[in-house]
Amino acid sequence: MSLKTVAFKHSVQIYWVVFAVRFKTLLQYRAAAIAGVITQIFWGSIKLMIMAAFYAQATVAPPITFPEVVAYVWLGQVLLGLLPWNHDPELDQLFRTGAVAYELLRPLDLYMLWFARILAFRTAPTLLRLVPGLIFAMLLLPLIGLEEWQLKPPEDVVTLVLFLCSMVATVLLSCVFTILMAGAMFWTIEGRGVASLMNGLVVVFSGMVIPLPLFPSWLQPFLQWQPFRGLCDIPYRIYSGNIATDQAVAEITFQFGWVAILLASTYVLFSFARQKVVVQGG
Amino acid sequence: MINGIQLYFRLLSTSIRSQMQYRGSFVFLTIGHFLTTGIEALGILALFDRFGNLNEWELPQVVVFYGTVNISFALTEAFARGFDIFGGSLVKTGEFDRVLLRPRSTAVLIAGWELQMHRLGRFLQGLVVLVLGLIHLDSTFSILSFFTLLTAIIGTILFFYGVLILQATMSFWTIESLEIANVLTYGGVETAQYPMAIYKEDFRRFFTYVIPIACVAYFPLLPVIGIPDPLGSSRTFQHLAPLVGGLFFLASLTAWQLGVRYYKSTGT
Chain W
0 MSLKTVAFKH
10 SVQIYWVVFA
20 VRFKTLLQYR
30 AAAIAGVITQ
40 IFWGSIKLMI
50 MAAFYAQATV
60 APPITFPEVV
70 AYVWLGQVLL
80 GLLPWNHDPE
90 LDQLFRTGAV
100 AYELLRPLDL
110 YMLWFARILA
120 FRTAPTLLRL
130 VPGLIFAMLL
140 LPLIGLEEWQ
150 LKPPEDVVTL
160 VLFLCSMVAT
170 VLLSCVFTIL
180 MAGAMFWTIE
190 GRGVASLMNG
200 LVVVFSGMVI
210 PLPLFPSWLQ
220 PFLQWQPFRG
230 LCDIPYRIYS
240 GNIATDQAVA
250 EITFQFGWVA
260 ILLASTYVLF
270 SFARQKVVVQ
280 GG
Chain U
0 MINGIQLYFR
10 LLSTSIRSQM
20 QYRGSFVFLT
30 IGHFLTTGIE
40 ALGILALFDR
50 FGNLNEWELP
60 QVVVFYGTVN
70 ISFALTEAFA
80 RGFDIFGGSL
90 VKTGEFDRVL
100 LRPRSTAVLI
110 AGWELQMHRL
120 GRFLQGLVVL
130 VLGLIHLDST
140 FSILSFFTLL
150 TAIIGTILFF
160 YGVLILQATM
170 SFWTIESLEI
180 ANVLTYGGVE
190 TAQYPMAIYK
200 EDFRRFFTYV
210 IPIACVAYFP
220 LLPVIGIPDP
230 LGSSRTFQHL
240 APLVGGLFFL
250 ASLTAWQLGV
260 RYYKSTGT
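Below is the structure:
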């Protein structure tokens with residue numbers, strides 16, 4: 000093995016440890032997770048009641064059926080933690096206190112280091128909330144007589160596999176948007192402003208506010224091409240069968256295409272950002 | 000009393016000045032807040048565009064509910080920040096000990112903790128939507144309906160303020176900030192953006208009798224819109240309903256005072 004491969008292996012190990020430590024720490028916040036689950040169940044219920052009221056009196060069949068909307072809404076709620084609508088408060092703290100200087104001193108790639116942390120920040124809390132949320136939406140709802148609101152499993156194994164592939168892209172895409180917010184702090188120091196701007200874009204263009212197919216037809220060509228779609232709309236519609244299996248591969252490729260473009264551009268952004276940083280404090 | 004009010008405004012003006020130190024961030028935050036909270040309006044618009052109407056409700060009527068609850072909640076959020084962050088930032092850290100040392104009302108000091116300027120974003124979008132809705136209503140908008148609208152807004156502000164005080168009060172016992180209260184604040188806003196009549200009965204009952212958001216953000220708006228209640232409430236009741244918001248606020252304040260008496264410091 001050449002020296003270079005050893006160094007590479009070594010650094011991958013480091014980023015893996017960074018990820019694992021952060022992941023385990025975040026798994027400790029169980030009380031917060033319970034609150035989160037209850038909020039998400041409540042949210043899902045309101046959204047479904049509103050949707051049900053609209054669907055009950057629809058005269059023209061909408062481009063997405065009510066059972067598909069049910070899956071869309073529940074998946075959106077149980078996977079809410081994956082949406083890049085906030086960022087790691089620990090990173091915020093680094094800029095505010097000036098501790099970002101230490102981060103820059105480490106003999107590691109800053110982008111990779113933060114990416115590992117953000118990956119943990121996005122996945123660990125989501126995992127905690129996913130299970131109880133799914134139990135409610137899949138098992139409990141039919142028991143209390145609300146079958147029409149139940150989150151049903153995907154049609155077949157192929158759909159499930161395609162959905163999971165799409166979710167891999169979703170996680171990566173989410174991390175890239177999160178790291179973009181972190182990168183913006185090199186200029187703004189205070190992160191909340193950019194985060195809230197990002198929040199707005201993400202929530203509407205991912206399909207969280209209402210499923211994207213329900214937006215007016217003249218908006219669809221634009222909605223079709225923007226990257227935020229890969230965060231909710233694509234995987235959830237693959238799950239419910241609204242995107243047929245033969246189209247799903249193209250949609251997943253589309254997701255990974257955006258992942259590649261955004262990974263490259265945020266990486267470049269970071270190399271510029273290093274030179275811009277203002278270190279607070281003395 | 001007058002001294003208390005003076006103090007309150009002094010605290011608020013300090014807060015404004017400190018936020019103006021990060022002017023760029025304030026601008027971003029406000030625009031961001033305008034957009035993020037205004038997005039729900041886009042959702043409503045898109046749904047009406049797709050489905051035509053919502054049972055007996057038309058778009059301008061629904062957005063009156065939307066606008067009212069949003070401007071009210073924006074004002075509450077702006078002025079009740081101290082109570083909102085109370086559990087995590089003051090009880091958990093023991094910081095509340097310092098507040099208790101001051102010879103002033105704790106409620107005033109916490110109320111004046113921070114005036115969140117960027118909530119202006121939600122307020123403005125709610126106002127725009129509300130005005131647009133009122134213009135396009137079929138019924139005429141009289142002075143009387145203006146006052147009815149005002150009582151609804153005040154009632155809703157007091158209601159949400161009460162919820163945030165209760166949330167803070169709970170943290171005297173739990174030490175932590177209770178995120179679960181978000182169901183009542185943000186969830187309440189989400190719920191009240193649409194007329195209560197469209198929801199399932201149990202759900203509606205909960206938001207009328209247990210957490211009385213329907214009394215402040217649904218019933219009093221029916222005379223403003225000028226339609227009879229599909230749920231069958233009388234006009235007199237609709238006009239009186241916002242009082243429940245005031246009662247809720249007073250009850251929360253009483254609970255707060257009990258909580259302060261109970262408070263045990265976490266400090267070292």
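Chains W and U, in that order, give the protein sequences.
All letters in the first sequence, in the order written, are residues 0 to 281 by numbering that gives the first Met the number 0.
All letters in the second sequence, in the order written, are residues 0 to 267 by numbering that gives the first Met the number 0.
In this text, a Cβ means the ideal position worked out from N, Cα and C, and glycines have one as well.
| query | result |
| --- | --- |
| Helix or strand or just coil, what does DSSP make of Trp15(W)? | helix |
| Which of helix, strand or coil does DSSP assign to Leu90(W)? | helix |
| Got a sec: is the Cβ-Cβ distance from Tyr193(U) to anything in chain W below 8 Å? | yes |
| In chain W, what lies closer than 7 Å to Ile48(U) by C-beta? | One point to set straight first is that residue 48(U) is Asp, not Ile, in the sequence displayed. Result: Pro215. |
| Hey, how far is the Cα of Thr287(W) from the Cα of Val11(W)? | No information on residue 287(W) is available, as it lies outside the stretch 0 to 281 that chain W covers here. |
| Can you check whether the CB of Ile212(U) is closer than 8 Å to the CB of Phe158(U)? | yes |
| Alpha carbon to alpha carbon, what distance is there between Pro83(W) and Leu136(U)? | 38 Å |
| Return helix, strand or coil for Leu136(U), following the three-state DSSP convention. | coil |
| Quick check on Trp112(U): buried or exposed, where buried means 16 or more other Cβ atoms within 10 Å of its Cβ? | buried |
| Grab me the residues of Phe135(W)'s own chain with a C-beta within less than 7 Å of its C-beta, minus the 5 sequence neighbours each way, in chain order. | Ile40 |
| Less than 8 Å between the beta carbons of Gly31(U) and Gly120(U), yes or no? | yes |
| Cutting at 7 Å between CB atoms, please list the residues of its own chain near Leu74(U), excluding the five before and the five after it. | Phe122, Ile156 |
| Anyone know if the C-beta pair for Phe171(U) and Thr190(U) falls short of 8 Å? | no |
| Quick check on Ala208(W) - is its C-beta less than 8 Å from some C-beta in chain U? | A quick correction: the sequence has Val, not Ala, at residue 208(W). Yes - at least one Cβ of chain U is within 8 Å of the one on Val208(W). |
| Given a threshold of 16 other Cβ atoms within 10 Å of its Cβ, counted over all protein chains shown, does His117(U) qualify as buried or as exposed? | buried |
| Short of 7 Å in beta carbon distance, which residues of its chain neighbour Leu213(W), apart from the five on each side in sequence? Order them along the chain. | Pro61, Ile63 |
| Would Leu129(W) and Val202(W) qualify as a contact pair, given that the criterion is a beta-carbon distance under 8 Å? | no |
| Exposed or buried, Phe282(W), counting other C-beta atoms within 10 Å across all chains shown (16 or more means buried)? | Given a span of 0 to 281 for chain W in the structure shown, any question on residue 282(W) remains unanswerable. |
| Can you tell me whether DSSP reads Leu26(W) as helix, strand or coil? | coil |
| From Met197(W) to Gly23(U), what distance separates their C-alpha atoms? | 16 Å |
| List the whole-angstrom C-beta distance separating Cys231(W) from Gly206(W), where the pair is believed to meet the contact cut-off of C-beta under 8 Å. | 4 Å |
| Put Trp56(U) into one of helix, strand or coil per three-state DSSP. | strand |
| With a 10 Å radius around its C-beta and 16 neighbouring C-beta atoms as the bar for buried, classify Leu148(U) as buried or exposed. | buried |
| Got a sec? Which residues, its chain only, sit under 7 Å from Gly164(U) by beta carbon, not counting five neighbours each side? | A small correction: the amino acid at residue 164(U) is Ile; Gly does not occupy that position in the sequence shown. These residues qualify, in order along the chain: Phe82, Ser251, Leu252, Trp255. |
| Does Lys46(W) pass the burial test, meaning 16 or more other C-beta atoms within 10 Å, or should it be called exposed? | buried |
| Assuming Lys8(W) contacts Ala70(W) (C-beta within less than 8 Å), just tell me the rounded distance between them. | That pair is no contact at about 42 Å. |
| Mind pulling the chain W residues with CB within less than 9 Å of Phe202(U)? | Ser44, Ile45, Met48 |
| Write down the C-beta distance between Gly132(W) and Val36(W) rounded to the nearest angstrom, noting that I regard them as a contact closer than 8 Å. | 5 Å |
| Going by DSSP in three states, Ser173(W) sits in which element: helix, strand or coil? | helix |
| Just how far apart, CA to CA, sit Leu139(W) and Thr125(W)? | 20 Å |
| What residues in its chain sit with their C-beta under 7 Å from that of Met166(W), if we drop five residues either side in the sequence? | Pro234 |
| Give me, in chain order, the residues of the same chain whose beta-carbon lies closer than 7 Å to that of Tyr160(U); leave out the 5 immediate sequence neighbours on both sides. | Thr75, Ala79, Phe248 |
| Secondary structure at Trp255(U), three-state DSSP: helix, strand or coil? | helix |
| Could you check whether the Cβ of Ser205(W) sits closer than 8 Å to any Cβ belonging to chain U? | no |
| Please go through the same chain and pick out, in chain order, the residues whose beta-carbon is closer than 7 Å to the beta-carbon of Thr36(U), but skip the five residues on each side of it. | Asn69, Gly120, Arg121, Gln124 |
| I need the DSSP call for Phe218(U), collapsed to helix, strand or coil. | coil |
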